[in-house]
Amino acid sequence: MRKHLYPSQAGRVRFEPDLIRRYGGRGPRYTSYPTAVQFSDAFEVDVYRQNAGASNAAALPLSIYVHVPFCESLCYYCGCNKIVTRNQARVERYLECLHREIELQAELFDTTRLVEQLHFGGGTPTYLNRDQLAALMQKLDDEFGLDRTDRHEFSIEVDPRTVDYARIDELAGLGFNRLSLGVQDFNRAVQAAVNRIQSVAEVRGLVDKARQAGFHSISFDLIYGLPNQTATSFERTLDIVTSMRPDRLAVYNYAHLPERFKGQRMIDAAALPTANTKLDILHLCIDKLGDAGYEYIGMDHFALPDDDLVVARNQGTLQRNFQGYSTHRHTDLVGLGVSSIGSIGRVFTQNALTTGQYEKMLDDDRLPIAKGLSVDDDDHIRGEVIQELMCYDGVRFDAFGDAFGIDFRDYFASELERLTPLVDDGLVELDEASIAITPNGRLLMRSVAMVFDRYLAGEETQQFSKAI
Ligand code: SF4
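Heads up: the sequence shown runs through residues 79 to 546, numbered per my numbering.
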């Protein structure tokens, strides 16, 4: 079992504006290593099939991600893979293909490998009506087998504007036990500027209802850096949010990239907060969430001490993955739906990025995998170092070296050398036995991880978002 390198400070984070200004530049978010930028369209689907077959020997449970791309209206800030439509025929066509994909994928895995973890993301999964969602859950159960024991963790992203109380009961009835609510900001001027109006009463009502319905964990997404936001306005949002006590919070930095995301062109750039205001808001988040009892998990994520993320961190089962942070580290991940990413054994795959391409491949009875990557030994070792840094704030050299058959100090001699400026600046502590990210360095943990990324060189970082 892992031990946190700073047991007394696990969950604590310190806001150091000078360090953030210097190290908060562009970089990968390390939801995987190697990152999706390295996935190649020359990847052969047979390699995926072979890995899936080989993975059956370990008989690990499965984790499944299902992407539902549809939305009823456009939130201007959105950078997700989504389709804004009211056309039910289009939805039915997509679902038909999704059902076919479930069949093709399920053929590859032993039926004893139950789905222990399931996440519906989007888009807006609750765009699907009761019958469509029930049919999808039934199909997953028929083809893969859904684990219904206490171990199961089935979560769904919910747009509060699209669900009523009866819907919450339906979701519970289908086996979902976690909800993730897109909140972003409660300020009306901010909501109007991003075309997403939802009231405090609406969200509070859903949270209360979900708790009554037995949902085990409720998570909120917030975004800072949106138009019309100020530190004062966001403080009010944080007060309301903490009064509702969501178990988890993800607080994302809005990246304004109108050349890449068309919808963002609807946002008045002059109304965006300045870099200094964004830093003030981030500082406020750190202080207020800490005061309200939330622990910093890492990379935008906070959780209450009794939440499973904190428990998993303390037990050594926390992982960084495509959903941010997650428990159930021991599972293989099957990605279903347009643009979904999977991770089976030593292979990453990504499905076709457009519904046209996705549906065409399934019409041809092909797995809709468009890109992928086979992870070699060096990738694997570096990926594990990055996992340790992002989840546990450090690496113990001997334990890590024993687990992977290397002498850590020899293998990473040049990386340890390159950590020197970060040591001098107080982001990390380095001695003969370990690397440990300090509370000052936790907001900048990806700067530490980047030292171990063999693919990063100069301008390549331009394609990644800013850390802060
Ligand atoms: S933020 Fe969510 S609901 Fe809004 S457009 Fe994007 S995916 Fe759809």
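Beta carbons are placed, not taken as given, at the ideal position from N, Cα and C, and that holds for glycine.
Given the structure is predicted, the values throughout are model-derived calculations rather than measurements.
Put simply, the backbone Cα of CYS156 is about 44 Å away from that of ASP488.
The ligand SF4 has a heavy atom closer than 7 Å to the beta-carbon of LYS160. Pairing ALA448 with ASP476 gives a Cβ-Cβ distance that is not under 8 Å. The region 104-111 and the region 398-411 touch, with no fewer than 3 CB-CB distances between them shorter than 8 Å. At least one heavy atom of the ligand SF4 is found less than 7 Å from the C-beta of LEU152. Cβ contact annotation for HIS408 (same chain, cutoff 6 Å, sequence separation greater than five): LEU138, in chain order.
The Cβ neighbour count for ALA167, taken over all protein chains shown within 10 Å, is under 16; the residue is labelled exposed. Residue state for CYS149 is assigned as strand, using DSSP reduced to three classes. For CYS175, the distance from the CB to the nearest heavy atom of the ligand SF4 is not below 7 Å. Closer than 7 Å to some heavy atom of the ligand SF4: that does not describe the Cβ of GLY415. Taking each of PHE93, GLY131, GLU181 and THR163 in turn and checking the Cα distance to VAL146, the smallest one comes out for THR163. ARG326 has SER297 and ALA381 as its beta-bridge partners, per DSSP.
For THR202, the CB falls within less than 7 Å of some heavy atom of the ligand SF4.
A contact between stretches requires three or more CB pairs, one per stretch, nearer than 8 Å, and the region 167-176 fails this requirement with the region 341-357.
Note that the C-beta distance between GLU507 and THR498 is not below 8 Å. Within 7 Å of the C-beta of ASP378 there is not a single heavy atom belonging to the ligand SF4. Listed as beta-bridge partners of PHE426 by DSSP are SER421 and LEU451. Counting only unbroken stretches of 3 or more residues, the beta strand (DSSP E) elements lying wholly within the region 244-307 are 256-262 and 295-302, in sequence order. The beta-bridge partner set that DSSP reports for HIS197 consists of TYR143 and SER233. With contact defined as three or more Cβ pairs closer than 8 Å, the region 234-253 and the region 273-280 are in contact.
Distances from the CA of LEU196 to each of ASP456, ASP410, ALA271 and GLU493 were compared; the closest alpha carbon is that of ASP410.
In this structure, the C-beta of ASP237 approaches the ligand SF4 to less than 7 Å from one of its heavy atoms. Assignment of alpha helix (DSSP H) within the region 437-486, counting only whole runs of 4 or more residues, yields 455-470 and 475-482 in chain order. Annotated three-state conformation of ARG171 is helix, per DSSP.
In this structure, the C-beta of GLY260 approaches the ligand SF4 to less than 7 Å from one of its heavy atoms.
Secondary structure of GLU373 (DSSP, three-state): strand.
Secondary structure at GLN401: coil, using DSSP grouped into helix, strand and coil. Taking the Cα positions, ARG323 is about 20 Å away from VAL91. Of the candidates ASP378, PRO305 and GLY371, the residue whose Cα lies closest to the Cα of MET344 is PRO305. The alpha-carbon of VAL425 is positioned some 22 Å away from that of GLU221. Around the beta carbon of SER417, 16 or more other beta carbons lie within 10 angstroms, which makes this residue buried. Taken through DSSP and simplified to helix, strand or coil, ASN392 comes out as helix.
Annotation for PHE312: ILE359 place their beta carbon closer than 6 Å to its own, counting only its chain and skipping 5 residues before and after. If you compare the alpha carbons of ALA430, GLN435 and LEU467 with that of PHE117, the shortest gap goes to ALA430. Put simply, the backbone Cα of GLY223 is about 5 Å away from that of LEU192.
For GLU221, there is no enclosing beta strand (DSSP E); the enclosing alpha helix (DSSP H) covers residues 208-221.
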